[in-house]
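Residue numbers (the working numbering), protein chains in the order written: chain L, 1 to 541; chain U, 1 to 353. C-beta: ideal position from N, C-alpha, C; glycine also. Read the structure below first, then the notes.
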Amino acid sequence: MFRNFNIWFLLSLLVSIIVSIPILTVLTSFFEETSNYYEILKDTFLFEYISNSFILLFFVLIFTFLIGTSSAYLVSFFEFPLSNFFKWALILSFAVPPYIYAYSLTAFFENYGTAFTILKNIFGDANYNKNIPKFDGMFGAILSITFSLYAYVYILARASFLYQSQNLIDLGKNLGFSKFKSFFRIILPAARPAIVAGLSLVAMETLAEFGAVDFFSINTLTTGIYNSWITFDDLAFANRISSFLLLFIFSLFIIENLSRKKAKYHLNSRGGFKQKEKTKLYGSKSFLSFTFCFFIFFFSFLFPLSQMLYWTIKFPENFFDLQVLDLLLNTLHLVLLSSLVLIVFSLISNYGNRVSKNKTLNILSTLSISGYAIPGVILSIAFITFIAWFDNSIIKSLGFTSIKKVFIGSILGLVLVYFIRFYSLAFNGIKSGYEKINISVDESAYLLGYSKRKTFMNIHIPFLRNSLLFIIILISLEIIRELPITLILRPFNFETFATTAYISASEDLLEAAAVPSLFLILIASLFIIISSKYILREPNE
Amino acid sequence: MSKNFFEVKNVDFKVGGKIKVANVSFAIENEGDIICLLGPSGIGKTTILRTIAGLEKIKKGSIELNGNLLSSEKENVEPEDRNISLAFQENSLFPHYTIERNIQLGAERNKDKKNYQVNLQEIIDLLDISLILNKYPHEISAGEAQRASLARSLVTQPDLLLLDEPLSNVDQSFKEEIQEKLKKILKSLKITTIIVTHDSYEAFYLGSKCGIILNKELKQFDDPYNVYHLPNSIEVVNFLNRGTLVPAEVTSPKSLENKDLGTITGNFIKPFPIGSKVKLLIQPEDLHHDDTSNLKFEVVDRKFRGTNFIYTLKTHTNTLIPVFVHSHHIHQHEVDEKFGIKRPIHIDHIVCF
């Protein structure tokens, strides 16, 4: 037992150290000198960075709450045309990252864009540009992020609504509540922790968002970090801004964790769960519900998809110019490698926690999942900072050759930072799978003569198979969409669909960005459709 | 080495560093014997089973099985190497296998053993689980899961079988039938068994010996008859809810005197000097009803228990004593009526503390 304890302890310690590198690097930036950039920024853009981040966050939270909660309420409680289709179709928006949504929005509404062409084809030549609304700048960024991220709120709110027992609704009826009053007095308060958890995820992603805000030239803390590194080559200051952002994100992370604990309590339906009967809607109510859900589905998914498809067909040369197979192989290469590393380490950590029952190990593992809260830009810059420091201060001083090339601009470095960023996804996914296996199941196995290894291989792995598959899909989805880490740390001449789309868009070649964006959406959609069964699991399944 | 088949010597049973039951010693003399451990919930009965199974370690004392040391401060045979089977109280079936596969996995453990003689079908029939064999653990009720778990443990034909509240989720109507069949099968397979339960009647029926665990101690370990009729401490009396303790004075080697009941004769299970002030245990069956008796008390409660009534009487000194009366007795007494007690009072086993 003690021999095992040491192995598990050391492995988990190693994972925790790797994952905490960026946080430590960011925090130590306060002890380093920065360039004049800080002085310039303090008097010019710093306030703008902060206020823009807050404005963006505020409106995205409001819109994702409204869209996510109301659509979840409609598909969970009512039956109307295509309501079963919308149940999973509404999560397809995950396939469209905010930056691709931003490209679509611009492509459609810009002067002489797709909207102009449609109007021209229908009504003939005229100057429609002045009548076509422009969705750019802050408003464009808010819309892009909202439509891409509302699904976080939708999924968690829906799960919470589904787990609310019919008994609860019946109780409301018994107290004479109208549907309206039931929603505000019973359903919504009961789902509050889940909705807060969803909004916290949206908030973290919004503050970490890079592609869309950069495309719309909105100066936020995240782009500020990137600029201070790219433009002024001031890593220390980039890290210093990062620490402010991290502080804010950690507050959200704590809120999210606290509310999730409560959510668990609310979701506990053991014993008293009674499946809800959906109310069938007729007439205008049915029509309005359908229209609302269709509107959300159309604008979050069909609109960017069709815009990218339209451009791909309109400019087929872009398709032939692009090395689609190379991009696909590169993307799959990253996905497979990262998934494998993440799954193996997360399984080891989880199993270590389970068999050693060590409190310190438990705390260490909990700390090591904080990587998800750190924006990709910060992670990448902190990683580069750390490697540069490690290389200069330790490796070179010991007389060894520089290791910078091994980690920066290499697949190894990229996978390592993906590992830090997505470790919590894998760890928590496996953890929740493990929580369904009563510890007495392990003990029964031992008593049937199974060793710990045999219990792990013959009992745990087969049971966790579905969870593992789901986690691999989630990780793949994240990596396919991921932009800043890949952009900063990828090897020379190594592109993915995301980086190719970004580079074309940043060179004002939106048409060229369409092909990789389309492929990205299609592949991500495929992963979402495969995993929708798990994401949208119902209480009786 | 011990001559007993199984022996626990001076063991402190702990969970998370805290002692649950201290300095426990008991033994099972022969292979195939069944013993039961009784005690209130949370007292540490399950801890004892888990420790015997090797899932918890000990720092004091020793546990031996068939002449082999399993646990001591220095030695700890891993659970998988003990050939001890534990049927958990909660559902411990492998969730991704059907009930049939779960049971087969149990059977695989000792199927190559020389004297393996378990008849799988017999166990399936005994526990009435043939209809759930193709189901998964989440598709069956708690009672069914418990029976399936019991089946998986039985088919391993272990050297020692540990059953943690094996029938706690089984319907009352089915319980007695299973108890009978379970006892029969354990005896026929000669499986040495320790059963933990809080149901004293289950323990008295199944066990050849019963241990009573109270206040972190094994208070009594004895034949069921002795535990029932000759409890060795006030705690055991209270736990088994056997009757009322009334004050009395020992007047001779075969009698004592109580203010309300007068002279009581009988055989003391433990001698007391004449003149000793003692607490006498009055059990419901110790006193007999007699309408013609001049010793009468007021009825304060009457409980109908099917085959009998238990009257609670208030004595002149306000002590409440229980009296057992067959339910076919010619007439019944209502609350507030007077109820006669037959004199002279003679109790076969006088239990005093």
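Taking every protein chain shown into account, the CB of N121 of chain L has fewer than 16 other CB atoms within 10 angstroms, so this residue is exposed.
Distance from the CA atom of E31 of chain U to the CA atom of I195 of chain U, rounded to whole angstroms, is 15 angstroms. For E482 of chain L, no CB of chain U lies under 7 angstroms from its own CB, so it is not counted at the interface with that chain.
Between F497 of chain L and V377 of chain L, the CB-CB gap reaches or exceeds 7 angstroms.
I479 of chain L is not a Cβ neighbour of L328 of chain L, given a cutoff of 7 angstroms. Residue-level contact by beta carbon holds for L86 of chain U and chain L, with a gap shorter than 7 angstroms. The C-beta of P516 of chain L has 16 or more other C-beta atoms within 10 Å across all chains shown, which makes the residue buried. In this model, R192 of chain L and T117 of chain L are separated by some 45 angstroms (Cα to Cα). Around E90 of chain U, the beta-carbon contacts reaching into chain L at under 7 angstroms are N438, S440. Per the Cβ contact rule, the region 497 to 511 of chain L is not in contact with the region 58 to 78 of chain L (fewer than 3 Cβ pairs under 8 angstroms). Contact annotation for H326 of chain U against chain L: no contact, minimum CB-CB distance about 42 angstroms [criterion: below 8 angstroms]. V325 of chain U: member of the beta strand (DSSP E) spanning 320 to 326, first to last residue. Under the Cβ criterion (8 angstroms, minimum of three pairs), the region 132 to 149 of chain U counts as touching the region 90 to 103 of chain U. Where V15 of chain U is concerned, there is no enclosing alpha helix (DSSP H), although the beta strand (DSSP E) around it starts and stops at 6 to 15. Under the Cβ criterion of 7 angstroms, P97 of chain L is not counted among the residues facing chain U. When C-alpha distances from K74 of chain U are compared across U:G61, U:R82, U:L65, U:N66, the shortest belongs to U:G61. Annotation: the continuous beta strand (DSSP E) that includes I35 of chain U extends over 34 to 38. Pairing E7 of chain U with A27 of chain U gives a Cβ-Cβ distance under 7 angstroms. Judged by pairs of C-beta atoms under 8 angstroms, the region 183 to 202 of chain U does not touch the region 8 to 22 of chain U, as fewer than three such pairs exist.
For F94 of chain U, the residues of chain L that pass the 8 angstroms Cβ criterion are V441, S444, A445, I459, F463, in the order they occur in the chain. Considering only beta carbons, no part of the region 240 to 255 of chain U lies closer than 8 angstroms to chain L. Nearest CB-CB separation between S451 of chain L and chain U: below the 7 angstroms threshold. In the DSSP secondary-structure assignment, T192 of chain U is bridged to U:L160.
Spatial neighbours of G113 of chain L in its own chain (CB-CB distance under 8 angstroms, excluding positions within 5 residues in sequence) are listed in chain order as T106, A107, I132. Within the region 337 to 351 of chain L, no residue has a Cβ lying closer than 9 angstroms to any Cβ of chain U. Within chain U, the residues L105, G106, R109, T156 have their CB atoms less than 7 angstroms from the CB of L448 of chain L, given in chain order. In the same chain as F239 of chain U, and ignoring 5 residues on each side of it, the C-beta atoms closer than 6 angstroms to its own belong to L214, in chain order. When DSSP states are grouped into helix, strand and coil, Y112 of chain L belongs to the coil group. Nearest in C-alpha terms to A95 of chain L, of all of L:I313, L:L41, L:S200, L:L305, is L:L305. In the pairwise beta carbon analysis, the region 47 to 56 of chain L is classified as not touching the region 482 to 490 of chain L: fewer than three pairs are separated by under 8 angstroms.
From the listed residues L:F422, L:Y49, L:I374, L:Y99, the smallest Cα separation to L247 of chain L is found for L:I374. Assignment of D222 of chain U by DSSP, reduced to helix, strand and coil, places it in the strand class. Residues of the region 198 to 215 of chain U with a C-beta less than 7 angstroms from any C-beta of chain L: none at all. In chain order, L412, G413 place their CB closer than 8 angstroms to the CB of V406 of chain L, counting only its own chain and leaving out the 5 sequence neighbours on each side. Only N76, E78, P79, E80, D81, R82, N83, I84, S85 from the region 69 to 85 of chain U bring a Cβ to less than 9 angstroms from some Cβ of chain L. In the structure shown, Y150 of chain L adopts helical secondary structure according to DSSP, grouped into three states.
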